[in-house]
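Remarks on the structure that follows.
Shown next as structure tokens:
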């Protein structure tokens, strides 16, 4: 342990010294850290004065936490450049090879650079926040609670880890600083959106909700660190000199994995797809488990909590039932308004969305979307219970007939997305990150094309033509 | 010791940067690896320092397998890379101190090695200056000092004297020779054929990833340029006519005031040849071996590899 820390510190110490001797880093950071809190303080003063005159308590109460979040973010975005350069910059300057030729271990080198990348902007962020809070304390405004401040500092820390760890992953993968800086938008833009989302949470006024943001960002950051450590290899840094898109190789690698050893479609279904499905066993168990929990929790949450939010008096329930009956009167013509191919296309698109979200979040956002869908089902059944319909009957006739196919397809697609995420963060010494991604995508598309799409097609036909009939028979009074 | 067998490296399942390199360098010996830019020298060195994994073949460096014991190899090899790789905002002393720590030297040893190397290469006065302020030659010397900091048993030196003035080059060559005498195993990649000729015990010429030639300088000369030639120089134009030559001698070239002979066994045949010339009243001024240079060997080999005709 002592030896590991010492080796990490050795790398970090040199980087710290190097940064602090670079006036191009120190001067702008000093200006940003010292001047911005004063500007923010003045803006706060004017905003408070404005809201005292014209109202706006919600904004007034949460203005300072919001400004603290923004002040903490600025130095992070600036020092991202340092993290982006960490490996590719050394490569371009020719300083990486002596370091790589030395007996320092890969993880020590990686963690040393990560430590510097995180610590430097965090110090600047916290100093900046500190100056701002000192300035704000002099004013006659409501100072945020220590709990809220602690949450925002934690969030700033999580942002730092998230941004720096992704910047370092980019730095290892890029072959030029220019390419790394271009790729930086894949860090800055999502984090800017994230910041907007967190701002909404702050102004929403429920401090505890910020914990979800902290947990989410920390989970992603941890996965990115894991990804970086898994795929950091000396060979990768020196083995490639130029960034060229090798379409032939991309196509060949994908096609070879997708097709496998099969000689015919039948053979492919019998051997390759079956093998892919076998590999999905563990993620599928997770998805099924999470899905069941999400559905049940959502059902009970609606049943227990909704009565406190909405009026469920007999008259109101009667209104609800009338409303439902009115909306379900034209079930016969459902196929005209929503043709089965359209429904199929919509469901297929949603499944692709699972993959896309999963790709940028190592499967976690894909799983989140899945949880949302299943929770919706649970919630609808809970609502059915509240208005006096049998949830079991509603499930049996309204969901189960097409759900056997649709839910199976969605469970499989989500499991495959989780597997893609897991493969990305699993060390595979013989493959580069690009190859791992291609192979994982080929695996996903095997499941998607081979089984998910056919299941969704069947589900769409049943949902449009059979399910309405069953609903009408089960609930004749509708 | 460095030993490789069929060492090969393919990039992107496409280009074979190194293809079937087999070498053997014993302790106390220097191998010069010659070749054009992009021939595969750097890739070979990177494999020998366990930075790149071979696609095929194997290599043992300092007794360790490059794929199984990469850390041990890095700890026992000193590498001078193609680019000096100095951190420009560090001082020379800090730079050596940093690498001394990475190589696990204790503080006393770090200080002693750093002082010795800075002194030896004549850059002790600049030890407190930032590397960015060094001249090209000083940077190269500091990089070499870094490669020697942990006193490695194997040295892989890429262009060790590039950018150096003649005095510094001499200093570095002397140091390399001294390291050889202390039983270090050394590979030098260089374009400086004079340096290779002066230092190397054996020479390998690499072209498009393949070793075209490998052997001692004499072996290479003999195999590429043929038997040694001797030139007889005359005081004035001399018509040798149908000069009867001893067995094992062929006339290689005839000039107005000189003749060149290709001789199989000079110790036996040369006295007879000189005797027959003087017997013909030849106004002989000198009779000496025509020097064969590594440059000729290299250029001829390269020309043949590219399907060109070598013009001496």
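Residue numbers (our numbering), protein chains in the order written: chain B, 1 to 478; chain A, 1001 to 1312. We treat Cβ as the ideally placed atom computed from N, Cα and C, and that holds for glycine.
In this structure residue 460 (chain B) is in contact with residue 347 (chain B), their Cβ atoms being roughly 7 Å apart against a cut-off of 8 Å.
With its beta carbon less than 7 Å from one in chain B, residue 1049 (chain A) belongs to the interface. Contact between residue 369 (chain B) and residue 381 (chain B) does not hold, since the beta-carbon distance rounds to 19 Å and is not under 8 Å. Look at the beta carbons and you see the region 1080–1098 of chain A touching the region 1126–1142 of chain A: at least three pairs across the two are nearer than 8 Å. At least one CB of chain B lies nearer than 7 Å to the CB of residue 1052 (chain A). Bridge partners of residue 1003 (chain A) according to DSSP: A:1024 and A:1060.
7 Å or more divides the Cβ of residue 160 (chain B) from the Cβ of residue 31 (chain B).
Listed along the chain, the chain B residues whose CB falls inside 9 Å of the CB of residue 1234 (chain A) amount to none; the nearest CB is some 56 Å away. Interface criterion not met: the Cβ of residue 1288 (chain A) is under 7 Å from no Cβ in chain B. Chain A has no Cβ within less than 7 Å of the Cβ of residue 15 (chain B).
Bridge pairing for residue 1207 (chain A): A:1210 [DSSP]. Listed along chain B are 95, each with a C-beta nearer than 8 Å to that of residue 1086 (chain A). Of the residues assessed, residue 444 (chain B) falls on the buried side of the cut-off, its CB having 16 or more other CB atoms within 10 angstroms. The C-alpha of residue 96 (chain B) is placed about 18 Å away from the C-alpha of residue 115 (chain B).
Between residue 69 (chain B) and residue 52 (chain B), the alpha-carbon positions lie close to 22 Å from each other. Burial check for residue 41 (chain B): the Cβ neighbour count within 10 Å reaches 16 or more, so the residue is buried.
Here residue 224 (chain B) has 162, 165, 166 and 169 as same chain residues with Cβ atoms under 7 Å from its own Cβ, once five neighbours each way along the sequence are excluded. Listed along chain A, no residue sits closer than 9 Å to residue 29 (chain B) by beta-carbon distance, the nearest being about 16 Å off. Chain-ordered, the chain A residues with CB closer than 7 Å to the CB of residue 104 (chain B) read 1102.
Between the alpha carbons of residue 288 (chain B) and residue 468 (chain B) lies a gap of roughly 27 Å. Between residue 1036 (chain A) and chain B, the shortest Cβ-Cβ separation is not below 7 Å. In the three-state reduction of the DSSP assignment, residue 1286 (chain A) falls in the strand class. At least 7 Å separates the CB of residue 1121 (chain A) from every CB of chain B. Among the residues of chain B, those whose CB is under 7 Å from the CB of residue 1012 (chain A) are 246 and 249, following chain order. At a cut-off of 7 Å between beta-carbon atoms, residue 61 (chain B) makes no contact with chain A. Per the Cβ contact rule, the region 1127–1135 of chain A is not in contact with the region 1059–1068 of chain A (fewer than 3 Cβ pairs under 8 Å). A straight-line Cα-Cα distance of about 30 Å links residue 1282 (chain A) and residue 1221 (chain A). For residue 1263 (chain A), the nearest beta carbon of chain B is not closer than 7 Å to its own beta carbon.
For residue 339 (chain B) and residue 413 (chain B), the gap between their C-alpha atoms comes out near 23 Å.
A direct Cα-to-Cα measurement between residue 66 (chain B) and residue 202 (chain B) gives close to 7 Å. Under the three-state reduction of DSSP output, residue 1008 (chain A) falls in the strand class. In the three-state scheme derived from DSSP, where H, G and I count as helix and E and B as strand, residue 1185 (chain A) is classed as strand. Interface flag for residue 256 (chain B) against chain A is unset, since no Cβ pair is found closer than 7 Å. With respect to chain A, the C-beta atom of residue 10 (chain B) has a partner C-beta closer than 7 Å. Nearest Cα to residue 1080 (chain A) within the set A:1015, A:1002 and A:1161: A:1161.
Below the 9 Å Cβ cutoff, chain A contributes no neighbours of residue 107 (chain B), its closest Cβ being approximately 12 Å away.
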